[in-house]
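Per the numbering used here, residue 220 is the first one in the sequence shown, and the count goes up by one each step.
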Amino acid sequence: MRTRVLICVLALLAMSWQAETGASRKEKVPNASNLVWPLPPESPRIRYLDALHGESDMVKKRGAWKRLLLGPQTDPGITLRKPYGVVTDALGRVFVSDTGLGAVLVFDPKAKEVRTLGTGGRGRLVTPVGLALDEQGRLFVSDVSLDTVFCFDEHEEVALALGRKEGMRNPAGLAIDKRRHRLYVADSHLHQILVYSTEGVFLDRWGSRGSEEGEFNYPTNVALDGDGNVYVVDTGNFRVQILDPEGEVLSAFGEAGDGLGSFHRPKGIAVDSQGHIYVADAAFNNFQIFDREGQLLLFVGGAGREPGTFWLPAGLHIDSQNRVFVADQINRRVQVFQFLGE
220 MRTRVLICVL
230 ALLAMSWQAE
240 TGASRKEKVP
250 NASNLVWPLP
260 PESPRIRYLD
270 ALHGESDMVK
280 KRGAWKRLLL
290 GPQTDPGITL
300 RKPYGVVTDA
310 LGRVFVSDTG
320 LGAVLVFDPK
330 AKEVRTLGTG
340 GRGRLVTPVG
350 LALDEQGRLF
360 VSDVSLDTVF
370 CFDEHEEVAL
380 ALGRKEGMRN
390 PAGLAIDKRR
400 HRLYVADSHL
410 HQILVYSTEG
420 VFLDRWGSRG
430 SEEGEFNYPT
440 NVALDGDGNV
450 YVVDTGNFRV
460 QILDPEGEVL
470 SAFGEAGDGL
480 GSFHRPKGIA
490 VDSQGHIYVA
500 DAAFNNFQIF
510 DREGQLLLFV
520 GGAGREPGTF
530 WLPAGLHIDS
540 QNRVFVADQI
550 NRRVQVFQFL
560 GE
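Next up, the structure:
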């Protein structure tokens, strides 16, 4: 009898293992970790690494005995719904603004948890979009529904709320110059870049609506390079404008079109350690990589749900290790790539 019971238990374990591995194989695209751009025989410049979806990325999977006794894990926990902005810190945490959840999700690999920020109290968020971290590790979050930029301290409490005096109307992308202690806010309805100190003092506003040099038409996102130059996605003008730290235009590139190197719905922007400029386009469902002169070097992606493809990409961030984080909105994930260097 005991032998029969043991055989049954082993059979159930085998079936459970086969079902789980079969399901994972079915869901997983083969050799996703080998995805590179450009394709061989060219030398690869970008490699696909991973994707973040939610709490399930941090939870340790049940062993075979627990699966047998408790069944498979079915509750995914906290998951991304419509991510937009993304930023990382020196502790390896990934912060993702989610307009569908009305919160910021904090992926904390050391604590092995995902938690939400901005879901209650004075800093309750409605439609968070832009994210940036200052030299103290404080998180700045723009909310396009509240027309406010909030600053959360290391205890995740609101330390500052900016925008009322300056009449913010749709604060979107954020960037922080840690050397100069400045915060840049792309306000798409004011058609301006607002400049603050990281302590909340209003310093300047750049631009007005138009298509001339130094003017903007629905700017959505902003990024910095190592020299503090400011890169603005001038979405309504289908271009990127590059300004120095005092707001003087250095150059611009881009035009409306449906071909490589042009823009249709440019969104997120970031600059890697070698000065390459990455721009996500929600219509092309990819991100394009340019040199400082605006010459197209490479594009990554296309429409789809598989790794390396996108469905309405939005915010884009590059960390100190040249890892590229792209908010993939409708696919409810943040995809992570590695820039491999020249």
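Beta carbons: idealized from backbone N, C-alpha and C, even for Gly.
6 Å CB neighbourhood of residue i in its chain, flanking five on each side removed
| i | result |
| --- | --- |
| residue 495 | 508 |
| residue 471 | 458 and 460 |
| residue 408 | 388 and 389 |
| residue 513 | 472 |
| residue 341 | 377 |
| residue 502 | 483 and 484 |
| residue 432 | 468 |
| residue 365 | 345 |
Rounded separation between residue i and residue j - CA only
| i | j | result |
| --- | --- | --- |
| residue 425 | residue 259 | 44 Å |
| residue 348 | residue 537 | 17 Å |
| residue 420 | residue 412 | 15 Å |
| residue 548 | residue 297 | 16 Å |
| residue 381 | residue 418 | 10 Å |
| residue 239 | residue 312 | For residue 239, the predicted structure reports a pLDDT of 40, less than 50, and the residue's modelled location is therefore unreliable. The matter cannot be settled from this model. |
| residue 266 | residue 257 | 9 Å |
| residue 327 | residue 333 | 6 Å |
| residue 395 | residue 354 | 9 Å |
| residue 476 | residue 439 | 18 Å |
| residue 281 | residue 274 | Note that residue 281 has pLDDT 43, beneath the 50 cutoff, so the model's placement of it is unreliable and the number below is only indicative. If I take the Cα positions, the gap works out to 14 Å. |
| residue 329 | residue 276 | 13 Å |
| residue 523 | residue 255 | 16 Å |
| residue 455 | residue 441 | 14 Å |
Helix, strand or coil at residue i [DSSP, three-state]
| i | result |
| --- | --- |
| residue 246 | Since pLDDT at residue 246 reaches only 39, below the 50 mark, its modelled position is unreliable, and no value is offered. |
| residue 456 | helix |
| residue 342 | helix |
| residue 444 | coil |
| residue 317 | strand |
| residue 423 | strand |
| residue 396 | strand |
| residue 475 | strand |
| residue 251 | helix |
| residue 274 | helix |
| residue 553 | strand |
| residue 536 | strand |
| residue 546 | strand |
| residue 513 | coil |
| residue 463 | coil |
| residue 360 | strand |
| residue 324 | strand |
| residue 350 | strand |
For residue i: DSSP bridge partner residues
| i | result |
| --- | --- |
| residue 256 | 265 |
| residue 435 | 428 |
| residue 492 | Note: residue 492 sits in no beta bridge, so no partner. |
| residue 505 | 500 and 520 |
| residue 297 | Answer by DSSP bridge pairing: none, since residue 297 is not bridged. |
| residue 411 | 406 |
| residue 416 | 401 |
7 Å Cβ shell around residue i - same chain, five flanking residues per side excluded
| i | result |
| --- | --- |
| residue 336 | 322, 323, 325, 371 and 375 |
| residue 385 | 413 and 421 |
| residue 363 | 346, 348, 389, 390 and 391 |
| residue 352 | 306, 308, 358 and 395 |
| residue 319 | 300 and 301 |
Buried versus exposed, by CB contacts within 10 Å (16 or more), residue i
| i | result |
| --- | --- |
| residue 383 | exposed |
| residue 253 | exposed |
| residue 555 | buried |
| residue 264 | buried |
| residue 486 | buried |
| residue 462 | buried |
| residue 499 | buried |
| residue 533 | buried |
| residue 350 | buried |
| residue 535 | buried |
| residue 406 | buried |
| residue 453 | buried |
| residue 310 | exposed |
| residue 361 | buried |
Beta-carbon proximity list for residue i, same chain, < 8 Å, skipping 5 on both sides
| i | result |
| --- | --- |
| residue 317 | 299, 300, 301, 302, 303, 323, 324 and 347 |
| residue 416 | 400, 401, 402 and 422 |
| residue 552 | 270, 271, 272, 299 and 302 |
| residue 338 | 321, 322 and 344 |
| residue 378 | 357, 370, 371 and 372 |
| residue 444 | 450, 490 and 494 |
| residue 505 | 499, 518, 519, 520, 521, 529 and 532 |
| residue 543 | 265, 489, 491, 497, 506, 535, 536, 537, 555, 556, 557 and 558 |
| residue 515 | 479, 480, 507, 508 and 509 |
heavy atom of the ligand SAH below 8 Å from residue i C-beta
| i | result |
| --- | --- |
| residue 488 | The ligand SAH is not part of the structure shown, which contains no ligands of any sort. |
Short CB-CB distance (under 9 Å) between residue i and chain C
| i | result |
| --- | --- |
| residue 437 | The structure shown has no chain C; it contains just one protein chain. |
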